[in-house]
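Going by our numbering, the final residue of the sequence shown carries number 1136, and the count climbs one at a time with no gaps.
Glycine included, every Cβ here is placed at the ideal spot set by N, Cα and C.
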Amino acid sequence: MNAALLIIGLLLAAQAPENAVTSDDALLPDGQQTFVTALHDRLMFDLAEQHCLRQQAAATSRNQQALWQLLITDGCEQKLPLLSAKQRPELVSKAATDITEFVNERLPGPATEILLRVRQVELLASAARFECLPELLTLDPAHPPQTPLKLHAPRRQFALAACQQGTDFAEALLKHLDALRADLDPTLVRSCRLRLRFALAHCTHTRSRLATPPEIPALLKQLDEQTEVLIRSSGDADRFAARLLLADSLLDRRDFPACQLQLRRLLPDIRSPGDQTAATTLQLRALLLQNKPSEAIQATLEINDVAQRQNPQIQLLHLHALLRRHELLLELQKSSPQQQQSLLSTATEFQQLAQKLLPQTSGVLLEATQRLQQRFELSLQVGPAAATTLEQISERIAAADFQTARSELRQLAASSKQQSVSAFSLMQAGELSLRLGDWNAALTELEQAASAFLQQQNPARAASADLLRLYCLGQLWTAAPDPEKPIRQTAYRDAVELHLKNYSAQKTAFDARLYRIRYLRAEAPLPAADDVVWLLQQNITTTPSSQPDQTTLLCLLADLLITHSASHAATPNSGHNPHQQQLLNTFREYDALNPHTDHPALTARSLQQAATVLWQPATDSNAIDWQQLARAADTALALPLNNDSATDKHNTHRLPDDFPELQQRCVTAARCTRLLAACRLLEPDTITTPLLQSITASNPELRSLAIQLLLPHTHDPAMPGTPQLAARLSSLHQSLRQPTDALDQQLQWLSLEARLAKTSGNTEPLIRHLTELLQQSLTPQQLSQLAAVAAVLPPQANRNPAAGPGLISFWQKIRNQSKSGDELWLEASLRLAEAATVAGSRKEALRMLQVVSVLHPTWGTPERLQRASDLQKQLESAQ
């Protein structure tokens, strides 16, 4: 109902006996309602709501406050179909709650409360009706009558819940009206009763579209009774709405003659352009459900009123008619040249209209437009019949019934005589196998899909299928037992190389090169750097939104160059390697493409320059240029850190979520601050003193502080030079440690050694030192200190061939020197069981766990008990 009816109702309520106020008290100030309506017409709903809230707070009359609340609800109802499926329930819940809170807090009179509650019911009915709109406007003519619309589960649940709540509220309000009838104005009572009956009818209609097939006949019979009462008891405007509702329900039953009869009967009651548009929309839907798309297209072209013809719903139905005509032409076995020309022109017209509607629509109409476009593209690929089958399978996927959907896709691929249908079905089946974690099945299906797409001369889709196949091979490599890993690794690498050879011109080459960089970066950093340069070259023109941006690629290139330099530090003239020098020049060229001082690539360059000084070979003859290091750190610190934008204004590519610009700069600033502090602590009288001599000349406390400052924090994200710097500092530290050092002094260094080992990835020196310390006479407190350091070592340490035996020996000595049942003994027992599992001695590991579980079932702590339980389940399942 329009706002004018609400104002009249409030005015009448204000004149009722229970409100001792003047009639003017119920009216808004001059022009206010018109102003809010104008804002709604221009879709400025947030601005209108803010204005209403300010005016409501300033109003002294409860009737005026209620009228402002009603105008806010009007805006919510008009805004509702423009929102996404996720936002609609939130808005409805907020608007309905606001009305309830207003009634409970402001304590309006009976008439005002009834008007607010009626509006609440209407909002719930409208919300449920809007949820069905995308499916109704795109309904396939083959959809059987009196069967539920296939909404996604969350939308269906929301619509049914809104219907149920609206129905309960309406029935309760009708009873409440009967009880208060003697105290209220008769006109107000009649108006509210009529509006509640309309809301009940709309809720019943929506439920009939979503209920199970056995429930639908009873709901339709109830709807017929409700609309018959509305037609008899309404004036012209409301009678039009009642007949329109009845015609809509007859259309759901595919009773086209009765629907047309009702449409003819409501013509005399049309009073506004909105009424005419509603009648035309129903007429077009009737033609489409009769599979008469050409007649529907002609009907839209014959609309004389330009504004009505440009109405988004009319345009959407025109798009739907074009789709249906296109599919009818596709199904013709032998088409004439004229029909082929008609097919081409229809497809062109559909694509042009779709491209026009996509940016112009939102909410439910955008969802409907996207559904039509997806159906059009699917029909082009596999044909209309197969498209319908695939849409039904998609509904199963939306309901998370992956197993059934995959089975049906396999059957469709096997039974179809069309190569396009088989290829598409195999592709979707492979994607479902990925979701289910069935890697071997996915590998077979995706390989067959890629082959089928190639036979269709569709290399782009073949590349997509093959890229997913690479992912499967990677998962099989990761999950393979140790003896099979080399074979799986070789298969994965060969497949990546073959993909880059066969699909070098496709977009998937970007992802495949990233795959290759991951396994080359440790063993062959220069070839990996070549791939990064290729990615940077592609990044100049276009970058997929899901791919790394230029800043991330520059950091990766710097890291690869550092890795290569560190691994070849002892090679004479390694810095003059032509290939490496070429890559360094490339890094500078791409970095120079971003000359702006606030570009995040400069932080990567500055940190790279600072790290370059530190990963020089650790020899006495190699000098550290402390001034150069300080200058590089100063440069990074000078970069602005107050950029609030998540997107660099000089680079349109958005930074990845896990590498935000502001976080990167702050971390770089903290790193460079520590570098500067270390420079100041270690800087000797002459800047030519090597780092080793500088640290050696410092006292132990200063040396410890300097190394900790140079070493990045463990929570810092990986930056260029981090592992190499930690490895070098670890080497320096080991060379400084003397066997004659006091035990307490050695124990003080352990935490720093643990950080160095964890950051560099080399745990062997730490384990060797721990084992040496165990040879000495240790107090229980010192023994606990050693065990605490060993406990923080990463699980990968057990897999290190060099460190593994030393670590096992260490925990064996800890266990032998501890008392059965204490914390050290229990931790050592669990660590030894884990080491035995990694070594392949699963029976021995299971025996150890079972013995300790019998002797000490709690394992000392809940965390250790959980670890032991998980390991035991793993071992038992492997038997």
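Item: What did DSSP end up calling lysine 742 once you bin it into helix, strand or coil?; Value: helix
Item: For glutamine 322, which residues in the same chain have their Cβ closer than 7 Å to its Cβ, ignoring the five residues on either side in sequence?; Value: Gln313, Ala316, Arg363
Item: Looking at valine 639 and proline 391, is the spacing between their C-beta atoms short of 8 Å?; Value: no
Item: So which of Leu1103, Gly1117, Arg1124 has the shortest CA-CA distance to glutamate 1133?; Value: Leu1103
Item: Sort His583, Gln608, Phe607 by Cα distance to glutamine 596 and report the nearest one.; Value: His583
Item: Count Cβ pairs between the stretch 1078-1095 and the stretch 1109-1116 that sit closer than 8 Å; are there 3 or more?; Value: yes
Item: Between the stretch 521-529 and the stretch 492-501, do three or more beta carbon pairs fall short of 8 Å?; Value: yes
Item: Identify the continuous alpha helix (DSSP H) that holds threonine 557 and give its terminal residues.; Value: 550-558
Item: Once DSSP output is grouped into helix, strand and coil, what is the label at lysine 478?; Value: helix
Item: Where are the alpha helix (DSSP H) runs, 4 residues long or more, that stay fully inside the stretch 740-790, in chain order?; Value: 742-759, 765-777
Item: Count the other CB atoms, across all protein chains shown, that sit within 10 Å of the CB of leucine 337; report buried if there are 16 or more and exposed otherwise.; Value: buried
Item: Let's test the definition: count the other Cβ atoms within 10 Å of the Cβ of serine 1017 and tell me whether it reaches 16, buried, or not, exposed.; Value: buried
Item: Taking the alpha-carbon of leucine 384 as reference, which of Leu300, Gln403, Leu296, Cys460 has the nearest alpha-carbon?; Value: Per the sequence shown, the amino acid found at residue 384 is alanine instead of leucine. Closest option to alanine 384, Cα to Cα, is Cys460.
Item: What three-state label does DSSP hand glutamine 685 in the structure shown?; Value: helix
Item: Measuring only the C-alpha atoms, how far is glutamine 1033 from alanine 1090?; Value: 26 Å
Item: Hey, alanine 722 and leucine 703: beta-carbon distance below 8 Å or not?; Value: yes
Item: Using 8 Å as the Cβ pair cut-off and three pairs as the minimum, do the stretch 397-410 and the stretch 432-444 touch?; Value: no
Item: For serine 619, which three-state DSSP category applies?; Value: coil
Item: Please determine, among Cys516, Ile356, Ala456, the residue with the shortest C-alpha to C-alpha distance to glutamate 379.; Value: Ala456
Item: DSSP on isoleucine 650, reduced to helix/strand/coil?; Value: helix
Item: Assign isoleucine 744 to buried or exposed, taking buried as 16 or more other Cβ atoms, counted over all protein chains shown, within 10 Å of its Cβ.; Value: exposed
Item: Going by C-alpha distance, which of Phe681, Arg511, Asp331 is nearest valine 293?; Value: Asp331
Item: For proline 641, which residues from the same chain have a beta carbon less than 7 Å from its beta carbon, with the 5 sequence-adjacent residues on both sides left out?; Value: Glu584, Leu587, Glu588
Item: What residue from Leu430, Cys389, Ser708, Pro398 has the CA that sits closest to arginine 413's CA?; Value: Cys389
Item: For my contact list, leucine 394 and alanine 625 are in at a C-beta cut-off of 8 Å; report their separation, rounded to the angstrom.; Value: 5 Å
Item: If you pair each beta-carbon of the stretch 727-741 with each one of the stretch 688-701, do three or more pairs fall below 8 Å?; Value: yes
Item: Would you mind giving the Cβ-Cβ distance between alanine 504 and glutamine 483, rounded to the nearest angstrom? I have them listed as a contact below 8 Å.; Value: 14 Å between Cβ atoms; not a contact.
Item: Please report the straight-line C-alpha distance between arginine 1072 and leucine 813, rounded to a whole angstrom.; Value: 44 Å
Item: Is the separation between the beta-carbon of phenylalanine 1067 and that of leucine 1106 shorter than 8 Å?; Value: no
Item: Measure the alpha-carbon distance for alanine 903 versus lysine 764 and round it to whole angstroms.; Value: In this predicted model, alanine 903 has a pLDDT of only 35, less than 50, meaning its place in the structure is not dependable; the value taken from the coordinates is given anyway. Between alanine 903 and lysine 764, the C-alpha separation is close to 26 Å.
Item: To the nearest angstrom, how far is it from the Cα of alanine 1093 to the Cα of glutamate 1101?; Value: 7 Å
Item: How far does the alpha helix (DSSP H) with asparagine 320 in it extend, from its first residue to its last?; Value: 319-336
Item: Would DSSP call methionine 301 helix, strand or coil?; Value: coil
Item: Specify the secondary structure class of glutamine 290 as computed by DSSP and reduced to three states.; Value: helix
Item: So, using beta-carbon positions, are threonine 369 and arginine 319 closer together than 8 Å?; Value: yes
Item: Is it buried or exposed for arginine 1142, if we count other Cβ within 10 angstroms and need 16 for buried?; Value: A query on residue 1142 cannot be resolved here, the shown segment of the chain reaching from 258 to 1136 and no further.
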